[in-house]
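In the numbering used here, the protein residues as written are 17 to 240.
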């Protein structure tokens with residue numbers, strides 16, 4: 017996969033993370049399935065207020081995201097590097113579908129949020145492959161700061177006049193994804209999870225096809 021494809025995938029996955037986070041925020045009443053800084057703050061606030069019963073859900077989401085990060089990174093380490101993106105995205109798609117199925121079957125248990133948080137932790141293993149690119153809700157604060165830095169350099173003519181565009185696109189993709197996620201949840205409730213599962217699944221198929229095609233080209237070049 018070339019650099020342009022990687023960057024485009026990174027932006028799309030950032031929008032996907034925003035979409036899913038908006039679903040979680042609305043459904044969970046102010047908690048997140050991807051933005052763990054917010055959940056950490058909520059956990060600390062509930063602890064300071066001695067609301068121990070309210071600490072459970074943000075703690076579970078933090079553990080779920082961490083578990084997803086371990087699983088996604090483990091897959092990225094174990095599979096050949098060229099297969100990291102399709103394998104991790106396929107796994108993410110299955111996790112989201114699993115969360116949807118369990119959420120519909122047992123809505124009172126809150127299993128959908130757990131599985132989706134695992135999926136979002138897993139997704140970061142793909143975003144980590146895009147060197148020099150801040151993507152996903154985890155990195156948007158950093159991207160926003162970088163945007164400000166690069167705008168300052170552009171205004172003072174000490175840097176690339178258009179160097180800020182990439183970080184701006186990251187923030188906009190998150191904003192658009194969250195906006196669409198909120199609309200989708202309002203219209204379809206948990207069924208709104210079908211969209212991110214489908215997007216990650218289709219991306220997995222496309223990237224797998226690209227890997228196979230690249231392998232065939234390499235084989236032809238090496239053939240006598």
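We treat Cβ as the ideally placed atom computed from N, Cα and C, and that holds for glycine.
>> Measuring straight from C-alpha to C-alpha, what distance separates residue 29 and residue 115?
In response: Locating residue 29 in the chain shown gives position 13, counting from the first residue. Locating residue 115 in the chain shown gives position 99, counting from the first residue. One C-alpha to the other measures close to 18 Å.
> Under a Cβ-count criterion, where at least 16 other Cβ atoms within 10 Å of its own Cβ denotes burial, should residue 111 be classed as buried or exposed?
Replying inline: Here residue 111 corresponds to residue number 95 of the chain shown, with the count starting at 1. Its Cβ being crowded by 16 or more others within 10 Å, residue 111 is buried.
> Would residue 199 be called buried (16 or more neighbouring beta carbons within 10 Å of its own) or exposed?
Replying inline: By 1-based counting over the chain shown, the position of residue 199 is 183. So residue 199 ends up on the exposed side.
> Which of helix, strand or coil does DSSP assign to residue 176?
Replying inline: By one-based count along the chain shown, residue 176 stands at place 160. Residue 176 falls in the coil class under three-state DSSP.
>> For residue 223, tell me which candidate among 106, 84 and 93 has the shortest Cα-Cα distance.
In response: Indexing the chain shown from 1 puts residue 223 at position 207. Nearest C-alpha to residue 223: 106.
> For chain D, is any of its Cβ atoms less than 9 Å away from the one on residue 225?
Replying inline: No chain D appears in this structure, which consists of one protein chain only.
> At a cut of 8 Å, does the region 86-103 reach the region 65-73 through at least three beta carbon pairs?
Replying inline: no
>> What would DSSP say about residue 88, mapped onto helix, strand or coil?
In response: Residue numbering aside, residue 88 sits at position 72 when the chain shown is read from its first letter. Note: residue 88 maps to helix in three-state DSSP.
> With 16 as the cutoff for other CB atoms within 10 Å, does residue 26 come out buried or exposed?
Replying inline: As a first step, residue 26 is located in the chain shown; it is residue number 10 there, counting from the start. Flag for residue 26 reads buried.
> Hey, residue 23 and residue 182: beta-carbon distance below 9 Å or not?
Replying inline: For the purposes of this step, residue 23 is taken as residue 7 along the chain shown, with counting starting at 1. For the purposes of this step, residue 182 is taken as residue 166 along the chain shown, with counting starting at 1. It is a contact, given that the beta carbons lie within the stated cut-off.
> Is residue 208 closer than 9 Å to residue 197 when the C-beta atoms are compared?
Replying inline: Counting from 1 along the chain shown, the entry for residue 197 is found at position 181. Counting from 1 along the chain shown, the entry for residue 208 is found at position 192. It is a contact, given that the beta carbons lie within the stated cut-off.
>> Which complete alpha helix (DSSP H) runs does the region 52-109 hold, if anything under 4 residues is left out?
In response: 52-64 and 68-94
>> Is the separation between the beta-carbon of residue 217 and that of residue 140 shorter than 9 Å?
In response: Taking the first residue of the chain shown as 1, we reach residue 217 at position 201. Taking the first residue of the chain shown as 1, we reach residue 140 at position 124. No, Cβ-Cβ distance for residue 217 and residue 140 is not below 9 Å.
> Around the Cβ of residue 49, are there at least 16 other Cβ atoms within 10 angstroms (buried) or fewer (exposed)?
Replying inline: The residue labelled residue 49 in the question sits at position 33 within the chain shown. It is buried - the Cβ of residue 49 has at least 16 other Cβ atoms within 10 Å.
> What is the residue span of the alpha helix (DSSP H) that residue 35 lies within?
Replying inline: As a working note, residue 35 is residue 19 in the chain shown. Counting along the chain, the alpha helix (DSSP H) containing residue 35 begins and ends at 19-43.
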